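Encoded as C-alpha cells, the structure appears first; notes follow it.
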Amino acid sequence: RKSAFESNGLPGKLADCSIRDPRHCEIYLVEGDSAGGSAKQGRDRRFQAILPLKGKILNVEKARLEKILANDEICTIVTALGTGIGTDEFAPEKVRYHKIIIMTDADVDGAHIRTLLLTFFFRYMRELIELGRIYIAQPPLYRIQKGKEEYYAYDDDERDEILSKLDRKGVTIQRYKGLGEMNPEQLWKTTMDPERRTIRQVTLEEAFEADRIFSTLMGDKVEPRRQFIEQNAKYVRNLDI
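44 is the number of the first residue of the sequence shown in my numbering; add one for each residue after it.
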C-alpha cells in the first residue's frame, strides 16, 4: 500500500496491513516499543496496522505548528495516516484507516499520553473525530487465573464480580502495570480481536473536554491550574508519585 504522502513514503516503524480499502483497515497507535512489538505479533495482518510511539508526544498546547511539524512522533502519525496537516494541507478523506485506535497503558502515564493524542487530534485533525474515526482501546486491568481457566477484568468492579463466582482457593490475580506485560496472544484476545475487544469511539464532546482540561493543566496560567487541582483532588483514586 502507498501513502497519500507518496514522496515521503511510510514510517519505518509502521507495520502496515495488506488490505487497501481504508473502510476495512484500522491502525493502533501503541504506547511503547515493547507493547508495539507484542501488538505486531498478535495482530491480524490483513486489516490491522501497528504504529509504536516512543514516550510522550509533543505538548501541542505550547507549540507553534512549525515546531509540531518538526516533532518526529507527530510527523510519523501524520505520514502514517496520510491526511496531511495544516489549514491548506489537511484532507480527512485521504485517511488510510477508518479506525484509528489509541492504545496506552491503563495507568496515569497512559492517560497522559492518551490526553496528548486527543488534544492533538482535536486541535489539528478535528474532522477525524467528527467522522467517528478515533477510538480508544480498553485493555484489561486484571488477569485472574484458576487452574487452566483465565478471566480478564477491565475494572475493579468486574474483578470483584468474577471473584465472587469463584472458589478463592488456588486463584491468582495479576494486575497489569502496562500493555508490555501481556504476550501477543493475550493482547489479541483482550484488546485487539474485533469479536471480543471493547473499543470506545471518541466523541467531539469528550475531545473538547480533554482539550479544556489539558489547556488548564498544561497552559501558562497558574491560577486556573491551581483551582482545578483544588477542586478535583478529592476525586483522586490512583496517584503515581
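Each residue gets a CB set at the ideal place from its N, CA and C atoms; glycine is no exception.
Treat the numbers as computed from the prediction; the structure is a model and nothing was measured.
Is DSSP giving E74 helix, strand or coil here? Working through the sequence shown from its first residue, we reach residue 74 at position 31. Looking at E74 - three-state DSSP - the assignment turns out to be strand.
Where does Y167 fall in DSSP's three states? Counting from 1 along the sequence shown, the entry for residue 167 is found at position 124. In the structure shown, Y167 sits in a helix (DSSP, three-state: H, G or I).
Complete runs of the beta strand (DSSP E) confined to the segment 101-177 [at least 3 residues]: 142-146
What is the rounded straight-line gap between the Cα of R88 and the Cα of G75? Within the sequence shown, residue 88 is the residue found at index 45, counting from 1. Within the sequence shown, residue 75 is the residue found at index 32, counting from 1. In a straight line, the C-alpha of R88 is about 20 Å away from that of G75.
Distance, K189 Cα to K212 Cα: Here residue 212 refers to the residue found at position 169 of the sequence shown. Here residue 189 refers to the residue found at position 146 of the sequence shown. Distance between the alpha carbons of K212 and K189: 8 Å.
Spatial distance of G221 from T147 (CA atoms): Taking the sequence shown and counting its residues from 1, the one referred to as residue 221 is at position 178. Taking the sequence shown and counting its residues from 1, the one referred to as residue 147 is at position 104. Answer to the nearest angstrom: the Cα atoms are 8 Å apart.
My output table needs one value for I285: the three-state DSSP class, helix, strand or coil. Coverage of the chain is limited to positions 44 through 284, which leaves residue 285 absent and any answer about it impossible.
Any 3 or more C-beta pairs closer than 8 Å across the segment 180-194 and the segment 228-244: yes
Assumed close pair I70, A123 - CB separation to whole angstroms, cut-off 8 Å: Against the sequence shown, residue 70 aligns to sequence position 27. Against the sequence shown, residue 123 aligns to sequence position 80. Correct: roughly 7 Å between the Cβ atoms.
Identify whether E238 lies in helix, strand or coil by the three-state DSSP scheme. Within the sequence shown, numbered from 1, the residue matching residue 238 stands at position 195. Three-state DSSP puts E238 in coil, outside helix and strand.
May I ask you to list the residues that DSSP assigns as paired with E193? For this step, residue 193 is matched to residue 150 along the sequence shown. Partner(s): Q188.
Boundaries of the alpha helix (DSSP H) in which L230 is found, first to last residue: Sequence index remark: in the sequence shown, residue 230 carries index 187 (1-based). L230 -> alpha helix (DSSP H) spans 227-230.
Could you have a look at L94 and say whether DSSP puts it in helix, strand or coil? As a first step, residue 94 is located in the sequence shown; it is residue number 51 there, counting from the start. L94: strand per DSSP, three-state reduction.
When the distance is taken between beta carbons, is Q91 closer than 9 Å to C68? Against the sequence shown, residue 68 aligns to sequence position 25. Against the sequence shown, residue 91 aligns to sequence position 48. Taking 9 Å as the Cβ cut-off, C68 and Q91 qualify as a contacting pair.
How long is the line joining the alpha carbons of R86 and M235, rounded to whole angstroms? Along the sequence shown, one-based indexing puts residue 86 at 43. Along the sequence shown, one-based indexing puts residue 235 at 192. Rounded to the nearest angstrom, the two C-alpha atoms are 7 Å apart.
Alpha-carbon to alpha-carbon, K208 and A154: Walking along the sequence shown from the start, residue 154 turns up at place 111. Walking along the sequence shown from the start, residue 208 turns up at place 165. So the alpha carbons of these two residues sit roughly 31 Å apart.
E19: buried (16+ other C-beta within 10 angstroms of its C-beta) or exposed? There is no way to answer for residue 19, as the model of the chain reaches only from 44 to 284.
Output the distance between the C-alpha atoms of L112 and R239, rounded to the nearest integer angstrom. In the sequence shown, residue 112 corresponds to position 69, counting from 1. In the sequence shown, residue 239 corresponds to position 196, counting from 1. Going by the C-alpha atoms only, they are around 37 Å apart.
Should R218 go down as buried or exposed, given a rule of 16 or more other Cβ atoms within 10 Å for buried? Here residue 218 refers to the residue found at position 175 of the sequence shown. Exposed, since its Cβ has fewer than 16 Cβ neighbours within 10 Å.
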